[in-house]
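Working notes, beginning with the structure itself.
Here's what the structure looks like:
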């Protein structure tokens, strides 16, 4: 059974600071996704990571994938209040067909 | 573009009542999914449909049934609602192309009393 663990689950940080969210998964995967969810809203796709060593950046967020370590990171640079949200990673395995397995989510609060 | 549309957005049921959550997508996606979201548990897959005419169980299928009515529509039915089914339900559909990312509806917030 594929398990996906994120840490930390809760993160409170000041504007301007840097931090990293970690996503570990238990079996080999061919694709990893990061999503953002604002309170009371739906999930929005942020990044799709398709291969070992993949790195994607959008604004103050950068995601990377290490398939050998079964680890993805979401790095936040110089955080701003608008980044406050819950971030989910999700893992796809070829043998699971069309399914994605989600982590528990990291609730990020950026304080002024 | 409507994307993925879910109805209703809010519903309150009494224990034992039945209801159907409707989902429709206009992106010509083959695969559709129903997830539930509970605090501290992320999203858990209830059922999915890899293509029109097929459905499969996910992690937490007990107490639910689904129907893939056609390529656009995928409904989730609670035959006899229980308080443990109080949750936010998300429908999603998936691109056919290689990236395989999911596109989510706005969610349906269900309370069972």
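Protein chains in written order, with the working numbering: chain L, 11 to 122; chain R, 18 to 130. All C-beta atoms, glycine included, are put in the ideal place defined by N, C-alpha and C. Please read all numbers here as calculations on a predicted model, not as lab measurements.
1) Given that residue 121 (chain R) touches chain L, what residues does it touch there, using C-beta distances under 7 angstroms?
2) Does the beta carbon of residue 63 (chain L) sit closer than 7 angstroms to a beta carbon anywhere in chain R?
3) Return the chain-ordered list of same chain residues with a C-beta closer than 7 angstroms to the C-beta of residue 48 (chain L), the five sequence neighbours on each side being excluded.
4) Name the chain R residues that come within less than 7 angstroms of residue 110 (chain L), Cβ to Cβ?
5) How would you call residue 111 (chain L), buried or exposed, if buried means at least 16 neighbouring beta carbons within 10 angstroms?
6) Measuring alpha carbon to alpha carbon, tell me which residue in R:46, R:102 and R:116 is nearest residue 90 (chain R).
7) Could you give the DSSP three-state label for residue 48 (chain R): helix, strand or coil?
8) Keeping to the same chain, check which residues put their C-beta closer than 7 angstroms to that of residue 96 (chain R); ignore five residues upstream and five downstream.
9) When the cut-off is 7 angstroms and only beta carbons count, does residue 128 (chain R) lie next to chain L?
10) Between residue 48 (chain R) and chain L, is the shortest Cβ-Cβ distance under 7 angstroms, so that the two count as touching?
11) Measure the Cβ-Cβ separation of residue 42 (chain R) and residue 110 (chain R) and say whether it is below 7 angstroms.
12) Considering only residues of the same chain and omitting the five flanking positions on each side of residue 26 (chain L), which have a CB-CB separation below 6 angstroms?
The answer reads as follows:
1) 52 and 53
2) no
3) 95
4) 119
5) buried
6) R:46
7) strand
8) 35 and 82
9) no
10) yes
11) yes
12) 88
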